[in-house]
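Written out below as structure tokens is the structure these notes cover.
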Amino acid sequence: MRIGEMGKAAGISEYTLRYYEKKGLIRVRRDDSGRRCYDESDIEWIKFIKRLKDTGMLLKDIKKYSRLRYEGNATMPERLKMLEKHREYVLEQQKKWAEYLSNLDDKIVFYKDSIDGLA
Numbered sequence: 006m007r008i009g010e011m012g013k014a015a016g017i018s019e020y021t022l023r024y025y026e027k028k029g030l031i032r033v034r035r036d037d038s039g040r041r042c043y044d045e046s047d048i049e050w051i052k053f054i055k056r057l058k059d060t061g062m063l064l065k066d067i068k069k070y071s072r073l074r075y076e077g078n079a080t081m082p083e084r085l086k087m088l089e090k091h092r093e094y095v096l097e098q099q100k101k102w103a104e105y106l107s108n109l110d111d112k113i114v115f116y117k118d119s120i121d122g123l124a
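Read in order, the letters of the sequence shown correspond to residues 6 to 124 in the working numbering.
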């Protein structure tokens, strides 16, 4: 599969795929002409990288995770620890955002009550 097809399949741009490769997040096979060749397993890996980014994992940590993944199954315990640590971070962020949402809801109620009092 070529880079354009991969971009569509993974839901990201060709530019992003090249960036991931440049940063060492993905390793891409090349054909005899030097063109990138992706396979089906790359799709899920790239989607997972995107999900890690979406949850706020730092690029340096994703790079480390990626390096470990390419080293093989012997690194699974270390990768598990990284994901568990990141999970704690996500839970902390979730608590923070729940508090922000609660504050917004309180302010909305205040305005609605104030506006109703003016009528």
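No residue lacks a Cβ here, since even glycine has one placed at the ideal position from N, Cα and C.
In summary, Met81 is exposed, with fewer than 16 beta-carbon neighbours lying within 10 Å of its beta-carbon over all protein chains present. In the DSSP secondary-structure assignment, Arg41 is bridged to Arg35. Considering only Ser71, Arg56, Arg40, the residue with the shortest C-alpha distance to Gly16 is Arg56.
Per the coordinates, the alpha-carbon of Cys42 lies some 19 angstroms from the alpha-carbon of Phe53. Nearest Cα to Thr60 within the set Ile113, Lys90, Arg23: Lys90. In this structure, Asp47 keeps its C-beta atom at 8 angstroms or more from the C-beta atom of Ile67. Where Lys86 is concerned, the enclosing alpha helix (DSSP H) starts and stops at 81-123. Between Glu26 and the set Leu109, Asp110, Asp44, Ile51, the nearest pair of CA atoms involves Ile51.
DSSP places Leu64 in the helix class (H, G or I) of the three-state scheme.
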